[in-house]
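Input: a single structure, listed below in structure tokens.
Protein chains in written order, with the UniProt record's numbering: chain X, 1 to 343; chain P, 1 to 343.
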């Protein structure tokens, strides 16, 4: 069975605070270009890899809580990607199919089809979109905003990390639903993007707001109905002070906390009672059965230019570690993607 | 218009940390025993007054958030009580009616009927029950457990402050719903009560558990489906580590935090995401339309002895301040009630 070179990005050391490029290593492995006899797995050529904030949690040594398997040192990272099927032992996939789903940070991967693996039907959009707007982040924004947030026309919506892979979509969904939406981000460029490209009603740079509570009072004099939570910590504490009665906090991520050995304490949870707030964590995997419905909603809007998407694309597996690390310093503008091959 | 003596418990000073008896004062006022001409108010003779943890929040000087009016110094406290109608300018009430609802800490009160005021229909149960099991705390337990908690048979339920006015009922509702329920309380007597009187599957004294996380792992090796939150702070943080996927945290109160100038920080909120937890604050007033349905559920169970209720009753307005203060050191065993008159 012929083996070919298979470059991989492996986790070298468990990460303690902010991840560094040197926590990962680019190593040369090999892989058989044929499926093992009787296998029902799928052999993939990886085209695009997705950098997502949740990956930081899997880089810690701490025993993962229920349902959370952290990475193993010496093994390639896992994550979402777009790939082409080279061989398939599973009846749902055949050679030549384009797919998106769970793969590994390497050139070729042998994956169980029982993991998340969607066949790509629409190829008249950029393939990289299946790591973002048409993939996990898109479904996350859709399920989180509509299914967990239950928006009503006129709702006041606040989105943190608003120019990120998920946030930029939440803001656009909010506008399309007749809501007022304000986003926060960490640079002037990102704030401009929010206001001028994604159509947020307003946006601010949280790094220039020493008093987040005062900033929120300025943008939401009547309070916030829906907070789409991507960052956690101090931002959440300030938001709790500014929520309206019967508000909803959609807890999608807490990226400001992932690099801290001891997360910041949140002190204003009493406001959950006073204002009868629903604060709800969710995981996109619980909503993947709605993916066809999501495509019906979003594909026409992409084609008509009613929804736009900004990606930050780097070329080559050798840039992968740097790209992932950049996510936690906010270096990326838009969805961070790594291209390994274009087809 | 004849005026009569009307003893009152007033707030003397705004409270900073734990309330003290000396923060309140017993003063002699007067009140007209006739309604003002054309009034649609109701003149009440107060029979029972209810001591409830939420009252602590109203004793602080801090500007109340939306919908929260703190007490005024020099004025009587307000709160739930049971009373007899002496005069009524409102068509729904007539002289001689027994009612429960919002009144003031004084012998006689002139109240607007537009406040919460329910006519008492069942008088073959102790009248004091309308400050507890048949009043606001009963409705709180019912709405919180059933409407917010959405229990399923077999769910593992944890209740903090479990021997209190609300907690003792939540535990009994959980058992009647086929759940496994464990309660925490602050003394051996209370723990005995939980196990032997209220039928909790198990119970523990949190003061004897230096590691709350370890205690919860012992009582819930498979994790917690529903946490009925009455205390907040460190308890909530330990519970978050022990919740199951799709668990629900019913946020009813956070009594451990009410006396702190700076609430304890809660650091494990990331578990909301990992385990897809819904954490929801609620206010019983949103559910009062279900009161008739609640009575249908609970009155037969009281009469058949399927639900029991423990009260801690003191006599006389002069004991009221002490009774209220005792709530925050856990001195009371069961629902704290003050009797002013028996009819």
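All C-beta atoms, glycine included, are put in the ideal place defined by N, C-alpha and C. Please read these numbers as outputs of a predicted model, since none were measured by experiment.
C-beta contact flag for residue i and residue j at 7 Å
| i | j | result |
| --- | --- | --- |
| residue 278(X) | residue 280(P) | yes |
| residue 149(X) | residue 248(X) | yes |
| residue 203(X) | residue 195(X) | yes |
| residue 218(X) | residue 246(X) | no |
| residue 161(P) | residue 230(P) | yes |
| residue 311(P) | residue 330(P) | no |
| residue 132(P) | residue 83(P) | no |
| residue 349(P) | residue 241(P) | Past the boundaries of the shown model lies residue 349(P); chain P is included only from 1 to 343, so the question cannot be answered. |
| residue 361(X) | residue 86(X) | The structure shown does not extend to residue 361(X), since chain X is modelled only from 1 to 343, so the question has no answer here. |
| residue 108(X) | residue 158(X) | no |
| residue 23(X) | residue 259(X) | no |
| residue 6(P) | residue 121(P) | no |
| residue 104(X) | residue 78(X) | yes |
| residue 116(X) | residue 101(X) | yes |
| residue 212(X) | residue 238(X) | yes |
| residue 143(X) | residue 287(X) | yes |
| residue 321(X) | residue 338(X) | no |
| residue 70(P) | residue 11(P) | no |
| residue 14(P) | residue 45(P) | no |
| residue 53(X) | residue 232(X) | no |
| residue 170(X) | residue 145(X) | yes |
| residue 139(X) | residue 294(X) | yes |
| residue 47(P) | residue 269(P) | no |
| residue 9(P) | residue 26(P) | yes |
Proximal chain P residues relative to residue i, where beta-carbon distance stays under 9 Å
| i | result |
| --- | --- |
| residue 40(X) | Correct list: empty, because the minimum Cβ distance to chain P is about 27 Å. |
| residue 280(X) | 272, 276, 277, 278, 279 and 280 |
Beta bridge counterpart(s) of residue i as assigned by DSSP
| i | result |
| --- | --- |
| residue 101(P) | 81(P) and 117(P) |
| residue 183(P) | 159(P) and 203(P) |
| residue 25(P) | 10(P) |
| residue 257(P) | Beta-bridge pairing links residue 257(P) to no other residue. |
| residue 248(X) | 226(X) and 278(X) |
| residue 336(X) | 312(X) |
| residue 110(P) | 43(P) |
| residue 5(X) | 30(X) |
| residue 266(X) | 266(P) |
| residue 243(X) | 224(X) |
Within chain X, partners of residue i - CB distance below 8 Å
| i | result |
| --- | --- |
| residue 263(P) | 267, 268, 269 and 270 |
Interface partners of residue i on chain X, CB under 9 Å
| i | result |
| --- | --- |
| residue 286(P) | 246 and 276 |
Within chain X, partners of residue i - CB distance below 7 Å
| i | result |
| --- | --- |
| residue 230(P) | By Cβ distance, chain X contributes nothing, its closest Cβ being about 10 Å from residue 230(P), past 7 Å. |
Interface partners of residue i on chain P, CB under 7 Å
| i | result |
| --- | --- |
| residue 253(X) | 273 |
| residue 257(X) | 270 |
Any chain B beta carbon closer than 7 Å to residue i
| i | result |
| --- | --- |
| residue 325(P) | Of the chains in the structure shown, none is chain B; the protein chains are X and P. |
- prompt: At which residue ranges does the region 28 to 89 of chain P contain complete alpha helix (DSSP H) runs of 4 or more residues, listed in the order of the chain?
  reply: 55 to 58
- prompt: For the region 273 to 307 of chain X, which segments carrying the beta strand (DSSP E) assignment without a break, of at least 3 residues, lie completely within its bounds, in sequence order?
  reply: 278 to 281
field: Near-chain X residues of the region 166 to 193 of chain P - C-beta to any C-beta below 8 Å
entry: none
Where the region 198 to 223 of chain P meets chain X: residues whose CB sits under 8 Å from a CB there: 223
- request: Could you list the residues in the region 283 to 310 of chain X with a C-beta less than 7 Å from some C-beta on chain P, going in chain order?
  value: 283 and 286
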